[in-house]
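**Student:**
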Amino acid sequence: MHSLTISKLRGAALLLCFGILASPVQAESGTGLTPFEASYTAAMEKGVSLNGTAKRTLTSQGNDIWLYRTDVDSFIASIDESLILRWENGRVVPMRYRYHLSGFLIKDRKHSIDFDWSTGVATGEYKGKRFEIELEEGVLDPLGYQLQLHQDIRNGERDMTYKVIDGRSVDEERFAVINGEATSTGGDRTAFLKAEKVREDSKRQTLMWFSPEQDFLLVRLLQVEPDGSTYELKLKAADFGP
């Protein structure tokens, strides 16, 4: 298989994980969370099927502790990603993050972070090397910021920046709502909120469509690579818990 094709397939598999970054979160008493399960399908450019699916779940563990989980299954890769978090005053407080990527022609990748807020230190492992990072107020993990993004958009914010532990360092991730769109299907007109991941000096583009009528659930994601290749995610189903 051509190396470029392998690279594209890898990117598409990883996009499955990134693409469900705004899962359905509903309010209880204004600031709470509701359990859910959402699934997505993915396709590569020119209509070629990736034959991949992704599932995201949010389940309560009691006492404002939640398990946020992503499972990705495709013919080239599997991703198992999870976060144990505390939901506090409308904010994600990460406690334990785990990530494992494995698959065809892909070297296994693991990433773990344990947050000790009492000592103000996060410890973990990335690419086989241990690390220790001093915690800043509001810092998030690679999964927790995705949950926070959805909640912030839902609450009316339109330009959001998050500090995220990525690898062995703290990076910034920025997102912005750029406009609203409406589509007509079977005579019904549906409004969507369109947002993008802001990248400086990069030709890669990531666009997201959220449905206000479905609690700002992510219904579509489109990523365009510098060479023009495209990857697209579409919502397949979503179920909300009691």
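Every letter in the sequence shown is one number past the one before it in this note's numbering, and letter 109, counting from 1, is 109. By construction, the Cβ of each residue, glycine as well, lies at the ideal position given by its N, Cα and C atoms. All figures in this text were calculated on a predicted structure; none of them were measured in a lab.
Val-72 bridges to which residues according to DSSP?
**Tutor:** DSSP output for Val-72 lists Ala-54, Ile-79 as bridge partner(s).
**Student:** Of the residues Val-164, Thr-206, Asp-239, Ile-79, which one's Cα is nearest the Cα of Ile-147?
**Tutor:** The residue you asked about is not Ile; residue 147 is Leu in the sequence shown. Of Val-164, Thr-206, Asp-239, Ile-79, the residue nearest in Cα terms is Val-164.
**Student:** Mind checking who Trp-87 pairs with in its DSSP beta bridge?
**Tutor:** Answer by DSSP bridge pairing, in chain order: Val-92.
**Student:** Relative to the C-alpha of Phe-75, which candidate in Asp-141, His-111, Lys-129, Leu-101 has its C-alpha closest?
**Tutor:** Taking only the C-alpha atoms, the option nearest Phe-75 is Leu-101.
**Student:** Is Leu-105 helix, strand or coil when you go by DSSP?
**Tutor:** Coil.
**Student:** Give the single residue among Gly-156, Asp-201, Leu-33 whose Cα lies nearest to the Cα of Glu-88.
**Tutor:** The candidate whose alpha carbon is nearest that of Glu-88 is Leu-33.
**Student:** Can you give the Cα-Cα distance for Val-224 and Phe-36, rounded to whole angstroms?
**Tutor:** Distance between the alpha carbons of Val-224 and Phe-36 is about 29 Å.
**Student:** Since Gln-148 is in the alpha helix (DSSP H), which residue starts that stretch and which ends it?
**Tutor:** Run containing Gln-148: 144-154, per the alpha helix (DSSP H) assignment.
**Student:** Starting from the C-beta of Gly-241, find all residues in its chain whose C-beta is less than 7 Å away, skip the five residues before and the five after it, and write them out in chain order.
**Tutor:** Result list for Gly-241: Thr-34, Pro-35, Phe-36, in chain order.
**Student:** May I ask which residues mark the beginning and end of the beta strand (DSSP E) holding Asp-166?
**Tutor:** Segment 159-166, the beta strand (DSSP E) holding Asp-166.
**Student:** Express the C-alpha separation of Asp-201 and Asn-179 in angstroms, rounding to a whole number.
**Tutor:** Cα to Cα, the separation comes out at about 22 Å.
**Student:** Any chance the stretch 90-97 sits against the stretch 115-125, with 3 or more Cβ pairs inside 8 Å?
**Tutor:** In short, these stretches touch, since the Cβ pair count reaches three.
**Student:** Around the Cβ of Trp-117, are there at least 16 other Cβ atoms within 10 angstroms (buried) or fewer (exposed)?
**Tutor:** So Trp-117 counts as exposed.
**Student:** Considering only residues of the stretch 182-233, which uninterrupted beta strand (DSSP E) runs meet the minimum length of 3 residues and lie entirely inside it, listed in chain order?
**Tutor:** Runs of the beta strand (DSSP E) inside the stretch 182-233: 188-198, 205-211, 217-224.
**Student:** Which of the three DSSP states is assigned to Glu-37 in this structure?
**Tutor:** Of the three classes helix, strand and coil, the one that applies to Glu-37 here is strand, per DSSP.
**Student:** DSSP puts Leu-140 in a beta bridge; with which residues?
**Tutor:** Leu-140 is bridged to Val-164.
**Student:** Using CA atoms only, rank isn't needed, just tell me which of Leu-85, Asp-80, Ile-79 is closest to Thr-255.
**Tutor:** Here the chain covers residues 1 to 242 and nothing more, so residue 255 does not appear.
**Student:** Helix, strand or coil for Trp-66? Go by DSSP, reduced to three states.
**Tutor:** Looking at Trp-66 - three-state DSSP - the assignment turns out to be strand.
**Student:** According to the Cβ coordinates, are Leu-235 and Leu-218 closer than 9 Å?
**Tutor:** Contact flag set, yes.
**Student:** Taking all protein chains shown into account, decide if Thr-161 is buried (16 or more other Cβ within 10 angstroms of its Cβ) or exposed.
**Tutor:** Exposed.
**Student:** Three-state secondary structure (DSSP) at Ser-118?
**Tutor:** Of the three classes helix, strand and coil, the one that applies to Ser-118 here is coil, per DSSP.
**Student:** Rounded C-beta distance between Tyr-126 and Gly-167? I'm assuming under 8 Å.
**Tutor:** Between Gly-167 and Tyr-126 the Cβ distance is about 5 Å, and since that is below 8 Å, they are a contact.
**Student:** Count the other C-beta atoms from every protein chain shown that fall within 10 angstroms of the C-beta of Asp-108, then say buried if there are 16 or more, exposed otherwise.
**Tutor:** Asp-108 should be labelled exposed.
**Student:** Take the Cβ of Gln-151 as the centre, count every other Cβ of all protein chains shown within 10 Å, and call the residue buried at 16 or more, exposed below.
**Tutor:** Buried, since its Cβ has 16 or more Cβ neighbours within 10 Å.
**Student:** What residue range is occupied by the uninterrupted beta strand (DSSP E) comprising Lys-254?
**Tutor:** Outside the shown range of the chain, which is 1 to 242, sits residue 254, and nothing can be said about it.
**Student:** Excluding the 5 residues preceding and the 5 following Thr-57 in the sequence, name in chain order all residues of the same chain whose CB lies nearer than 6 Å to its CB.
**Tutor:** Counting only Cβ-Cβ distances below 6 Å, and skipping sequence neighbours, we find Glu-37, Arg-69.
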